[in-house]
Amino acid sequence: MEPSLYPQARQANILVRSPLKLNHIEARIIALALGCIHSKSLELPQIRIPMKRIIPKAKSGPVYEQIDAACKTLMGKVVSIARTSSRGKMNIKNYGIISFMEIDEGTGYVTGNFAPEIKPFLLELASEYTTVEIETILTLKSAHAHRLYWVLTSWDDVGSWEVEIEKLREQMIGTEDTSYAIFYDFKRYVLEPAIKELQDIGWMIGWEPLKAGRKVSRIRFTIPRHVIAGNGQEPASIDITPQSRQKQKPSDQLPLGISAEMPTLHQRVIARLQKLQVSDSQIRTVLEHLGDDEAHFTKLLKSTHQLLVSHETKSKVFDNIGGTTVNHLKTEFAGLFAKL
DNA sequence: AGCCATGTACTACCGGTGCA
DNA sequence: TGCACCGGTAGTACATGGCT
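Take a look at the structure:
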């Protein structure tokens with residue numbers, strides 16, 4: 009059977025929070041590889057990723073060589089997971105992530121296997137795990153933003169996170185890398201650009217430096233909760249799949265076809281409208297009107313972004329945010345005026 | 001098509017300044 | 001005095017365009 013790419017990727021929090029340095033391409037490969045795993049799967053599946061999903065726009069550069077180099081590096085990547093026993097003794101286990109990778113320029117696919125030892129951190133995750141939307145993470149342009157996205161998502165159920173500078177630096181750029189030893193450089197070249205990227209996609213992360221004397225020793229993040237549709241958490245799932253997709257086989261995760269970015273965009277639109285307190289019947293009407301037009305989904309997400317930010321940060325008080333949203337949609341999508 | 005020169009963007013570091 | 005902050009700069013990678 010043809011392996012699928014699912015819209016969400018999961019891994020255990022302990023793995024997410026382990027120090028790991030990845031470049032941008034490696035981070036994309038890992039996210040897409042995790043997307044090959046179904047949430048209910050009992051065995052690690054084969055990794056099978058279209059090369060065009062790793063580097064979507066064929067730049068003039070050598071795509072094949074870039075992916076090849078990233079695959080080779082990934083096979084050598086080790087995550088160190090440190091645990092302290094009840095007797096206070098430290099135990100460090102080093103795990104490889106990927107055991108095999110193959111790039112076939114003919115089929116245009118990268119295939120491979122996860123290292124078997126990593127299985128407990130990727131499968132049968134009952135608790136203490138992090139789920140991200142692959143489409144969202146693939147929009148991030150820098151490797152630092154990828155890492156921060158994973159790490160902060162692992163804390164978003166708590167709402168805030170305080171971390172020592174050195175620990176954060178290790179989580180974002182690894183333990184062996186000695187660069188960005190100066191806090192201000194770490195801040196201006198790593199932290200601030202990464203946070204800005206997350207804010208640009210609508211996740212309004214806040215952060216403040218905490219000083220010990222004059223030195224910034226820790227950082228406190230305030231982390232608005234993600235809404236990931238279909239993972240059993242809010243928002244409640246409602247069946248408002250456009251008719252053209254209703255024949256799709258139901259499952260916990262909708263398989264993402266190679267070209268099918270729609271299900272996730274579709275889910276994001278539902279989540280967005282639910283956040284803005286639009287009623288289910290109105291959401292159905294909107295979705296029926298939008299049909300399968302990806303440009304319309306994107307337009308809706310972009311045009312309601314500021315509304316959501318104002319609402320969530322309470323920078324503007326809305327008597328009826330749902331009504332405001334509906335009125336906004338009527339002006340953005342002329343055809344909705346008579347329907348809503 | 002392949003090579004080369006040039007421009008641009010990014011990374012990483014250094015040294016000076018001002019503040020507590 | 002030690003720190004954050006800031007501007008400058010060297011090194012590197014990549015993109016672009018002209019030439020053969």
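In our numbering, the protein residues as written are 9 to 348. Even glycine gets a Cβ: it sits at the ideal position worked out from N, Cα and C. Everything numeric in this text was worked out from a predicted model, so none of it was measured.
Given residue i as reference, the closest of the options once Cα atoms are compared
| i | options | result |
| --- | --- | --- |
| D165 | T230, P15, E143 and Q275 | T230 |
| L148 | R196, I209 and E136 | I209 |
| A151 | I57, V325 and I37 | I37 |
| R276 | L309, Y137 and R292 | L309 |
| A77 | A35, Y103 and T115 | A35 |
| N182 | E172, R155, K195 and P201 | Asn is not the amino acid found at residue 182; the sequence shown has Gly there. Comparing Cα positions, the closest option is R155. |
| I213 | A153, A220 and F191 | A153 |
| L315 | G331, K127, I75 and R177 | G331 |
| K48 | Y14, N31 and W163 | Y14 |
C-beta atoms of residue i and residue j nearer than 8 angstroms
| i | j | result |
| --- | --- | --- |
| E170 | R228 | yes |
| V159 | Q179 | yes |
| I89 | S26 | yes |
| R18 | T161 | no |
| E141 | Q16 | yes |
| E302 | L273 | yes |
| R91 | G167 | no |
| I45 | L131 | yes |
| I145 | Y157 | yes |
| M109 | C79 | yes |
| L348 | T312 | no |
| I62 | L42 | no |
| A20 | L133 | yes |
| I105 | I75 | no |
| L284 | T333 | yes |
Buried/exposed call for residue i, threshold 16 Cβ in 10 Å
| i | result |
| --- | --- |
| Y72 | exposed |
| M98 | exposed |
| V86 | exposed |
| K29 | buried |
| R95 | exposed |
| R280 | buried |
| E113 | exposed |
| L218 | exposed |
| I111 | buried |
| F345 | exposed |
| A189 | exposed |
| Y117 | buried |
| E143 | buried |
| A202 | buried |
| E205 | buried |
| V325 | exposed |
Unbroken alpha helix (DSSP H) run spanning residue i, endpoints
| i | result |
| --- | --- |
| N335 | I329 to E340 |
| R61 | M59 to I62 |
| L218 | Segment G214 to A220 is the beta strand (DSSP E) holding L218; no alpha helix (DSSP H) there. |
| V294 | D288 to L298 |
| R233 | Taken as a continuous stretch (DSSP letters only), R233 belongs to no alpha helix (DSSP H), as it is neither H nor E. |
| Y157 | A151 to T161 |
| A346 | Element bounds for A346: n/a, residue is neither H nor E. |
| D112 | Premise fails: D112 lies in the beta strand (DSSP E), I106 to D112, not in any alpha helix (DSSP H). |
Residue i, enclosing beta strand (DSSP E) - first and last residue
| i | result |
| --- | --- |
| R91 | V86 to T92 |
| E170 | S168 to E172 |
| R18 | Q16 to A20 |
| E141 | Y137 to E141 |
Practice prompt. Please determine if the segment 50-59 and the segment 116-123 are in contact, where contact requires at least 3 C-beta pairs separated by less than 8 angstroms.
Written response: Yes, the segment 50-59 is in contact with the segment 116-123.
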